[in-house]
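Below is one structure, written out as structure tokens; comments come after it.
Residue numbers (our numbering): 18 to 526.
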């Protein structure tokens with residue numbers, strides 16, 4: 018009898034055990050299973066064994082419609098965070114993205130059960146009492162996302178040079194900021210990132226969000242020598258997707274969601290995708306959430322047919338997300354599921370651009386409205402200094418009313434339609450700043466004193482087309498226009514307009 022039951026169990030697990038979030042079904046009741054119970058109704062040892070074996074394969078996870086803000090590790094551990102939390106309580110914000118492994122490769126709180134973290138002394142402990150912090154956030158009903166910077170890790174690279182990118186002469190590779198990167202092809206690096214994510218899950222984070230899951234893109238990358246023993250014939254895009262799949266499988270078993278930040282410009286662009294190693298619709302197949310960084314200041318003049326994208330936040334966000342829909346339709350058409358799209362939005366003024374506007378309540382709200390009008394529901398605001406435009410956000414009651422209106426408007430749309438027509442009222446009446454107020458070339462943005470800009474670099478190689486700033490606090494850097502044409506859907510050749518790539522330092526690259 019016991020052998021029969023175990024055989025039935027194996028069959029049941031084989032059918033149901035691969036479901037991401039569903040609980041494994043109980044075995045059907047039969048005469049045989051009933052026979053294992055005594056006349057007094059007591060359950061025998063054999064029945065208990067079956068019940069134990071049919072526990073869920075992984076913990077259940079509850080999705081939240083995220084409206085979030087980024088918080089640095091330093092801010093999360095400071096007294097100033099309480100003022101931010103008080104603001105959050107008064108607004109529609111219900112989530113925070115907190116640095117757990119920051120741009121310097123430092124862990125922001127103590128991890129007792131992380132062997133590699135402790136071996137290399139990676140903990141900086143900006144957050145002294147992670148338990149108290151998490152308890153406070155949970156008491157306030159705030160969804161918690163742990164930001165984990167992946168392959169841009171100068172600390173790990175210095176401590177474990179054998180896991181790092183190397184030049185042809187065997188020396189440690191450094192980017193144009195003098196920072197070393199770890200090698201995305203090394204399994205040891207993957208396991209280290211999973212180790213950090215697992216510890217974040219244990220202290221109570223609801224989600225792990227990987228950032229810098231890509232290769233460096235500055236011109237120094239042509240000096241890197243990749244060992245065939247590591248690459249095994251795999252391309253950059255192959256290995257980034259493979260890492261995401263590996264990390265997702267490991268961390269999902271811990272009952273935690275997994276997300277990833279990606280460049281907005283990779284959507285629909287093979288050139289950009291190949292340069293950084295990020296293929297939007299491939300990555301979306303292996304994540305719970307995908308977070309494109311579509312700040313209007315990312316995009317150069319002419320993108321989406323918009324003369325100066327930073328000056329038209331609604332139009333830029335809406336156009337980028339409609340492109341996201343088009344790209345992900347490939348996945349849907351194949352009968353596959355994909356990650357929920359949760360874009361990063363701009364809450365800073367990009368004064369380093371020639372054509373920019375000051376971002377305030379109207380500009381923040383316009384971006385949020387564009388998300389909804391594109392048929393998406395979630396978003397996160399980015400500010401390197403953690404200074405947010407609270408006046409651009411709704412109160413909890415106002416947000417609830419807005420949600421109801423959105424649901425009603427979408428219900429009225431024709432079948433198969435999820436995007437609403439553009440909302441004219443959402444577009445702020447803004448114009449470029451007066452010429453005399455424009456910053457000089459190289460002048461840092463008001464957003465943070467640590468950021469810097471660099472002049473465009475003329476690059477001809479597709480693999481070098483993405484020119485990004487790697488400084489952890491950099492908000493933006495110019496990218497030169499590519500002379501290499503792209504093919505349109507009609508087969509015509511056109512030159513790609515110049516794109517500005519923003520290094521957020523927290524969501525972004």
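For glycine and all other residues, C-beta sits at the position ideal for the given N, C-alpha and C. The structure displayed is predicted, hence computed values, not measured ones.
For residue 160, the secondary structure class from DSSP, reduced to helix, strand or coil, is strand. If you draw a straight line from the Cα of residue 337 to the Cα of residue 395, it comes to about 15 Å. Contact between the region 273-281 and the region 222-235 is present: three or more C-beta pairs spanning the two stretches fall below 8 Å.
The Cβ atoms of residue 125 and residue 136 do not sit closer than 8 Å to each other.
With three or more CB-CB distances shorter than 8 Å, the region 406-413 counts as touching the region 362-381. Counting along the chain, residue 425 sits inside the alpha helix (DSSP H) bounded by residues 413-428.
Distance between residue 383 and residue 298, taken at the CA atoms: about 26 Å.
Contact annotation: residue 213 and residue 267 have beta-carbon atoms that are not nearer than 8 Å. As a beta-bridge residue in DSSP terms, residue 165 pairs with 118, 227. Assigned with DSSP and collapsed to three states, residue 154 falls in helix. Taken in chain order, the complete beta strand (DSSP E) segments of 3 or more residues contained in the region 229-253 number zero; there are none. The beta-carbon distance between residue 232 and residue 165, rounded to whole angstroms, is 17 Å. This is too long to meet the 8 Å contact definition.
In summary, residue 157 is exposed, with fewer than 16 beta-carbon neighbours lying within 10 Å of its beta-carbon over all protein chains present. In this structure the region 300-310 does not touch the region 236-243; the number of beta carbon pairs closer than 8 Å is below three. The straight-line gap separating the alpha-carbon atoms of residue 172 and residue 122 is approximately 5 Å. Inclusion of residue 309 and residue 285 in the CB contact set at 8 Å is not warranted, their separation being larger than that value. By the CB criterion at 8 Å, residue 168 and residue 132 fall outside the cutoff. The continuous alpha helix (DSSP H) containing residue 172 extends over residues 171-176. In this structure, the beta-carbon distance from residue 331 to residue 386 falls below 8 Å.
Residue 375 is not bridged by DSSP to any residue. As summarised for the region 83-136, the continuous beta strand (DSSP E) elements at least 3 residues long and confined to that stretch are 84-88, 112-118, given in chain order. The C-alpha of residue 113 is placed about 21 Å away from the C-alpha of residue 366. Residue 145 is classed as exposed because its beta carbon has fewer than 16 other beta carbons within 10 Å across all chains shown.
Nearest to residue 104 by C-alpha distance, out of 90, 327, 159, is 159.
As computed with DSSP, residue 363 is found in a beta bridge with 399.
Bounds of the beta strand (DSSP E) holding residue 306 are 306-310.
Per DSSP, the continuous alpha helix (DSSP H) segment holding residue 341 begins and ends at 330-350. One alpha carbon belongs to residue 170, the other to residue 120, and they sit about 7 Å apart. Setting aside the 5 residues that flank it on each side, residue 175 is surrounded in the same chain by 197, each with a C-beta closer than 7 Å to its C-beta; the list follows chain order.
At a Cβ-Cβ threshold of 8 Å, residue 373 and residue 333 do not count as neighbours.
Annotation: residue 352 to residue 86 spans about 33 Å, alpha carbon to alpha carbon. Exposed is the label assigned to residue 184, since fewer than 16 other Cβ atoms lie within 10 Å of its Cβ. Pairing residue 347 with residue 319, the inter-Cα distance amounts to about 26 Å.
Here DSSP, grouped into helix, strand and coil, assigns residue 146 to coil. Residue 363 is classed as buried because its beta carbon has at least 16 other beta carbons within 10 Å across all chains shown. Residue 287 carries a helical assignment under DSSP once its states are collapsed to helix, strand and coil.
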